[in-house]
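FYI, in the working numbering the residues of the sequence shown are 51 to 496. From the three backbone atoms N, C-alpha and C, an ideal C-beta is built for every residue, glycine too.
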Amino acid sequence: MSKKHNSNSGSRISRREAVKRGLVCTAGLWLTDRLGFAAPTVEPAKAKAKSVIQIWMWGGPTHLDTFDPKPDAGSDYTGPLNKPIETNVSGIRVSELLPETAKQADKYSIIRSMTHGVNGHETASYEVQTGRKPGDGKVYPGVGAVVSLFKGYKAGYKGLIPPYIVLTQPQGRFSESGFLGSRYKPFATGGDPAQGKFAVEGVVAQGITDERQQARRKFLHELNSLEHATKDDPQMVALNQADKQAYDLILGDAGKVFDLAQEKDEIRDRYGRTTFGQSCLVARRLVERGVPYITINYQGWDMHKQIFQNLGRKMREMDKGMASLLQDLSDHGLLDSTIVWWGGEFGRTPKVQWEPPWSGGRNHYGKVFCHVVAGGGFKGGQVVGSSDDKGEEVKDRPVYPVDLIGSIYQQLGIDTEARLPHAEVVHVLASAEDGAKTAGRLKEIM
Numbered sequence: 051m052s053k054k055h056n057s058n059s060g061s062r063i064s065r066r067e068a069v070k071r072g073l074v075c076t077a078g079l080w081l082t083d084r085l086g087f088a089a090p091t092v093e094p095a096k097a098k099a100k101s102v103i104q105i106w107m108w109g110g111p112t113h114l115d116t117f118d119p120k121p122d123a124g125s126d127y128t129g130p131l132n133k134p135i136e137t138n139v140s141g142i143r144v145s146e147l148l149p150e151t152a153k154q155a156d157k158y159s160i161i162r163s164m165t166h167g168v169n170g171h172e173t174a175s176y177e178v179q180t181g182r183k184p185g186d187g188k189v190y191p192g193v194g195a196v197v198s199l200f201k202g203y204k205a206g207y208k209g210l211i212p213p214y215i216v217l218t219q220p221q222g223r224f225s226e227s228g229f230l231g232s233r234y235k236p237f238a239t240g241g242d243p244a245q246g247k248f249a250v251e252g253v254v255a256q257g258i259t260d261e262r263q264q265a266r267r268k269f270l271h272e273l274n275s276l277e278h279a280t281k282d283d284p285q286m287v288a289l290n291q292a293d294k295q296a297y298d299l300i301l302g303d304a305g306k307v308f309d310l311a312q313e314k315d316e317i318r319d320r321y322g323r324t325t326f327g328q329s330c331l332v333a334r335r336l337v338e339r340g341v342p343y344i345t346i347n348y349q350g351w352d353m354h355k356q357i358f359q360n361l362g363r364k365m366r367e368m369d370k371g372m373a374s375l376l377q378d379l380s381d382h383g384l385l386d387s388t389i390v391w392w393g394g395e396f397g398r399t400p401k402v403q404w405e406p407p408w409s410g411g412r413n414h415y416g417k418v419f420c421h422v423v424a425g426g427g428f429k430g431g432q433v434v435g436s437s438d439d440k441g442e443e444v445k446d447r448p449v450y451p452v453d454l455i456g457s458i459y460q461q462l463g464i465d466t467e468a469r470l471p472h473a474e475v476v477h478v479l480a481s482a483e484d485g486a487k488t489a490g491r492l493k494e495i496m
């Protein structure tokens, strides 16, 4: 995971200058895409969704303690969390630690039969986000990179904000862009939206005014003798346009999407003044600007030890942020066109490990786990599949990663038979013919 940077002013100026140049480089690649890159031309299916907000539960959340409670399984499975609560949809119960999210159940569907059988973070993350198993010599792109291709560059996306954003740190388990290359990597914001000023890397800095940044830009251009000597060269024209795009993002209206001071205090308080809560609010603002794919990389769910002591705080902040996001998207008329996708790489062992050193912990568990989807054409108030009475096996209607990913692509109007840019014939999604385990798309909630 990324380490926090040194905060002394000298290193900050140098770092920001490097990041700014990196952003110019990224804009240059983006400009190249828009001027000359030929993406696959496939007639899309009718799209119900325009954007995705992925709440990536980094480390693997426990399914029994969130969206698949088993109160009758006994204390060796439930621990102290044996009183699940009713939601606003009759017959659906969730953890007692999710009272606000329970009030939004009519907006989301719970998939209680996700499965792949993998217990390693890296491999499970790769499969859940690509629908592929490793081992054939290719690193396939994750869902965010594929969406940024088909709903971003290929679709003529015009925004200055990159089409694939991660709040706030990269996921780090595998290369999200895979063989698509660096231009499809997500832009990781860095910073912390819960702070007084959200210091987005390369866009916003603490203690540096817009006027000072404008002055720096002017000074750099005055010193650039190569620019003056070759100002009519096509490559220099393209570079200058990329430079303008980068500064428009830093100093123009586009960058203000990250300024949460524009939101009312009551709205920010409703989301929770936490990194996760405020990231959810930023995600809603990015969707309003038309950004196709936003990942909230929600760290801290790899709870091997003392899980019940740790869950209290984490679940409170998740509950406020997720419930507020769903309600806010609905209030702004955005939920119908925005998929909210909650889940991690796997679940956690249903039977609690009470013995030291775990002292009430749960380990990795890929046999069965939960994901949640809302909006973007997915029905709310539904449960897909089930696990057995102790949450240890899929009981009915298994859902494999390729089934969920294919359903998300379908809602976005992305043809899963389309070819990806690669020397070999590679389609957007793996099929049974490719060896992928599948039980079919989520037609019951589409």
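For this session: May I ask which residues mark the beginning and end of the beta strand (DSSP E) holding Gln104?
Result: As a position in the sequence shown, residue 104 is number 54, starting the count at 1. If you look at Gln104, you'll find it in the beta strand (DSSP E) that goes Ser101 to Met107.
Problem set entry | Distance between Met353 and Ile455 (C-alpha atoms, nearest Å) | To locate residue 455, count along the sequence shown from 1; it is residue 405. To locate residue 353, count along the sequence shown from 1; it is residue 303. Answer to the nearest angstrom: the Cα atoms are 26 Å apart.
For this session: Determine the DSSP secondary structure at Met164, reduced to helix, strand or coil.
Result: Taking the first residue of the sequence shown as position 1, residue 164 is located at position 114. In the structure shown, Met164 sits in a strand (DSSP, three-state: E or B).
Problem set entry | Segment contact flag, the stretch 431-442 with the stretch 181-199, C-beta cutoff 8 Å, min 3 pairs | no
Exercise. Among all the DSSP beta bridges, which residues are the ones paired with Tyr343?
Worked result: For the purposes of this step, residue 343 is taken as residue 293 along the sequence shown, with counting starting at 1. Note: Tyr343 sits in a beta bridge opposite Val102 and Tyr214.
Exercise. What residue from Ala480, Tyr203, Pro406 and Gly426 has the CA that sits closest to Tyr450's CA?
Worked result: As a first step, residue 450 must be located in the sequence shown, where it is residue number 400. Nearest C-alpha to Tyr450: Ala480.
Problem set entry | Counterpart residues of His477 in DSSP-defined beta bridges | Start at 1 with the first residue of the sequence shown, and residue 477 comes out as number 427. Its beta-bridge partners are Arg469.
For this session: Identify whether Glu136 lies in helix, strand or coil by the three-state DSSP scheme.
Result: Residue numbering aside, residue 136 sits at position 86 when the sequence shown is read from its first letter. Of the three classes helix, strand and coil, the one that applies to Glu136 here is strand, per DSSP.
Exercise. First and last residue of the alpha helix (DSSP H) that includes Phe326?
Worked result: Numbered from its first residue, the sequence shown carries residue 326 at position 276. Thr325 to Glu338 is the span of the alpha helix (DSSP H), which, as asked, contains Phe326.
Exercise. Cβ of Phe419 within 8 Å of Cβ of Gly397?
Worked result: As a position in the sequence shown, residue 419 is number 369, starting the count at 1. As a position in the sequence shown, residue 397 is number 347, starting the count at 1. Taking 8 Å as the Cβ cut-off, Phe419 and Gly397 qualify as a contacting pair.
Problem set entry | Start-to-end residues for the alpha helix (DSSP H) that takes in His171 | Taking the sequence shown and counting its residues from 1, the one referred to as residue 171 is at position 121. Segment His171 to Thr180, the alpha helix (DSSP H) holding His171.
Exercise. Which residue from Asp369, Gly362 and Tyr343 puts its Cα closest to that of Gln328?
Worked result: Numbered from its first residue, the sequence shown carries residue 328 at position 278. Measuring from the Cα of Gln328, the nearest candidate turns out to be Asp369.
Problem set entry | Best match in Leu148, Asp156 and Leu147 for proximity to Ile495 [C-alpha to C-alpha] | Reading the sequence shown from its first residue, position 445 is the one you call residue 495. Ranking Leu148, Asp156 and Leu147 by Cα distance to Ile495 puts Asp156 first.
Problem set entry | Alpha-carbon spacing of Ala486 relative to Phe326, whole angstroms | Along the sequence shown, read from residue 1 onward, the residue named residue 486 stands at position 436. Along the sequence shown, read from residue 1 onward, the residue named residue 326 stands at position 276. Cα to Cα, the separation comes out at about 33 Å.
Exercise. Just to confirm, are Val102 and Tyr343 a CB contact at a threshold of 8 Å?
Worked result: For the purposes of this step, residue 102 is taken as residue 52 along the sequence shown, with counting starting at 1. For the purposes of this step, residue 343 is taken as residue 293 along the sequence shown, with counting starting at 1. Contact flag set, yes.
For this session: Note down, in chain order, each residue of its chain lying with its Cβ closer than 7 Å to the Cβ of Val475, except the 5 sequence neighbours on either side.
Result: Taking the first residue of the sequence shown as 1, we reach residue 475 at position 425. Here Val475 has Arg469 as same chain residues with Cβ atoms under 7 Å from its own Cβ, once five neighbours each way along the sequence are excluded.
Problem set entry | Assumed close pair Leu217, Thr239 - CB separation to whole angstroms, cut-off 8 Å | Here residue 217 corresponds to residue number 167 of the sequence shown, with the count starting at 1. Here residue 239 corresponds to residue number 189 of the sequence shown, with the count starting at 1. About 6 Å; that satisfies the 8 Å criterion.
Exercise. In three-state terms, what does DSSP make of Gly305?
Worked result: Position 255 of the sequence shown, counted from the start, is the residue given in the question as residue 305. In this structure, Gly305 counts as helix in the three-state DSSP scheme.
Problem set entry | Sub-8 Å separation of Val452 and Thr399 beta-carbons | In the sequence shown, counting from the first residue as 1, residue 452 sits at position 402. In the sequence shown, counting from the first residue as 1, residue 399 sits at position 349. The answer is no: Cβ separation not under 8 Å.
For this session: Please check the pair Ala205 and Gly426, which I expect to be a contact at CB under 8 Å, by giving their CB distance rounded to whole angstroms.
Result: Numbered from 1 along the sequence shown, position 155 holds the residue referred to as residue 205. Numbered from 1 along the sequence shown, position 376 holds the residue referred to as residue 426. Actually they are not in contact, since the Cβ atoms of Ala205 and Gly426 sit about 16 Å apart, beyond 8 Å.
Exercise. What's the call for Asn138, buried or exposed, on a 16-neighbour Cβ count within 10 Å?
Worked result: For the purposes of this step, residue 138 is taken as residue 88 along the sequence shown, with counting starting at 1. Label assigned to Asn138: exposed.
Problem set entry | Secondary structure, beta strand (DSSP E): runs of 3+ residues fully inside the stretch 190-251 | 214-217
For this session: Take the Cβ of Gly362 as the centre, count every other Cβ of all protein chains shown within 10 Å, and call the residue buried at 16 or more, exposed below.
Result: Working through the sequence shown from its first residue, we reach residue 362 at position 312. Burial call: exposed.
Problem set entry | For Val402, the first and last residue of its enclosing alpha helix (DSSP H) | In the sequence shown, the residue the question calls residue 402 occupies position 352. Premise fails: Val402 is in no alpha helix (DSSP H) and is neither H nor E.
Problem set entry | Euclidean distance between Cα positions of Asn132 and Pro121 | Here residue 132 corresponds to residue number 82 of the sequence shown, with the count starting at 1. Here residue 121 corresponds to residue number 71 of the sequence shown, with the count starting at 1. Asn132 and Pro121: Cα-Cα distance of roughly 5 Å.
Problem set entry | Buried or exposed by the 16-neighbour rule on C-beta atoms within 10 Å, applied to Gly371 | In the sequence shown, residue 371 corresponds to position 321, counting from 1. The residue is buried, with at least 16 neighbouring Cβ atoms inside 10 Å.
Exercise. From what residue to what residue does the alpha helix (DSSP H) around Gly393 run?
Worked result: What you label residue 393 is simply residue 343 of the sequence shown in a count that begins at 1. Taken as a continuous stretch (DSSP letters only), Gly393 belongs to no alpha helix (DSSP H), being part of the beta strand (DSSP E) at Thr388 to Gly393.
Problem set entry | Check whether Ala174 and Glu395 have beta carbons under 8 Å apart | Along the sequence shown, one-based indexing puts residue 174 at 124. Along the sequence shown, one-based indexing puts residue 395 at 345. Going by C-beta atoms, Ala174 is nearer than 8 Å to Glu395.
Exercise. Of the choices Gln179, Ser125 and Pro212, whose alpha-carbon is the least far from that of Gly228?
Worked result: Within the sequence shown, residue 228 is the residue found at index 178, counting from 1. Among Gln179, Ser125 and Pro212, the Cα nearest to that of Gly228 is on Gln179.
Exercise. Taking the alpha-carbon positions, what's the Glu367 to Asn413 distance?
Worked result: For the purposes of this step, residue 367 is taken as residue 317 along the sequence shown, with counting starting at 1. For the purposes of this step, residue 413 is taken as residue 363 along the sequence shown, with counting starting at 1. Distance from the CA of Glu367 to the CA of Asn413, rounded to the nearest whole angstrom, comes to 22 Å.
For this session: Hey, could you find the ends of the alpha helix (DSSP H) Phe358 is sitting in?
Result: The residue labelled residue 358 in the question sits at position 308 within the sequence shown. It spans Ile357 to Asp381 - the alpha helix (DSSP H) in which Phe358 sits, taken as one unbroken run.
Exercise. Is the distance from the Cβ of Leu462 to the Cβ of Lys208 below 8 Å?
Worked result: Counted from its first residue, the sequence shown places residue 462 at position 412. Counted from its first residue, the sequence shown places residue 208 at position 158. No, these two residues do not count as a Cβ contact at 8 Å.
Exercise. Of the residues Val144, Ala152 and Gln104, which one's Cα is nearest the Cα of Gly192?
Worked result: Within the sequence shown, numbered from 1, the residue matching residue 192 stands at position 142. Answer by Cα proximity: Gln104.
Problem set entry | Inter-residue Cα distance where the pair is Ser457 and Pro448 | In the sequence shown, counting from the first residue as 1, residue 457 sits at position 407. In the sequence shown, counting from the first residue as 1, residue 448 sits at position 398. Those two C-alpha atoms are separated by around 14 Å.
For this session: Could you pull the start and end residues of the beta strand (DSSP E) that Asp446 belongs to?
Result: As a working mapping, residue 446 is identified with position 396 in the sequence shown. It spans Val444 to Asp446 - the beta strand (DSSP E) in which Asp446 sits, taken as one unbroken run.
Problem set entry | C-alpha gap between Gly340 and Gln312, whole angstroms | Here residue 340 refers to the residue found at position 290 when the sequence shown is read from its first residue. Here residue 312 refers to the residue found at position 262 when the sequence shown is read from its first residue. Computed Cα separation, rounded: 18 Å.
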